[in-house]
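Trainee: Sharing a structure with you now.
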Amino acid sequence: MGYVGVINGSLLAFDWEKGSLLWEFQTAFARENKLQVLNPDRTLNQANLLPNEFFDQNAFGLERIFSVGSIMSTPLVSGGLVYISSTDGNVYAIE
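When we follow the working numbering, the leftmost residue of the sequence shown carries the number 5, and every step to the right adds one.
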């Protein structure tokens, strides 16, 4: 199994042997699509993803039962938990 953080704000779990997606954890940023990174069919919106000008935008929100900041780091897997650090300064464990 492998875990991947995606630019749209999602955390994905894959079965590498079968090549299949096991689950997707969507942050509030992924669900709201604030930067319109995704088209309605969930494909990447190239025009908004690679604009002609540089901009900086803070995206906050990861919601399950609680809200946290964006996931900007590689997840760590240990003991059946996925650990993520967040831009709000905390570390969270997802079961």
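The beta-carbon is built from N, C-alpha and C at its ideal position, and this holds for glycine as well.
Provide the residue(s) that pair with glycine 9 in DSSP beta bridges, ordered along the chain.
Mentor: In the DSSP output, where bridge partners are listed per residue, glycine 9 has Leu15.
Trainee: Thinking C-alpha only, which one of Phe18, Ser14, Gly13 is nearest glycine 6?
Mentor: Comparing Cα positions, the closest option is Phe18.
Trainee: Measure the alpha-carbon distance for asparagine 94 versus serine 77 and round it to whole angstroms.
Mentor: Spanning the two alpha carbons is a distance of roughly 12 angstroms.
Trainee: Would DSSP call glutamate 99 helix, strand or coil?
Mentor: Of the three classes helix, strand and coil, the one that applies to glutamate 99 here is coil, per DSSP.
Trainee: Could you spell out the range, first to last residue, of the beta strand (DSSP E) harbouring serine 82?
Mentor: Its beta strand (DSSP E) spans residues 80-82.
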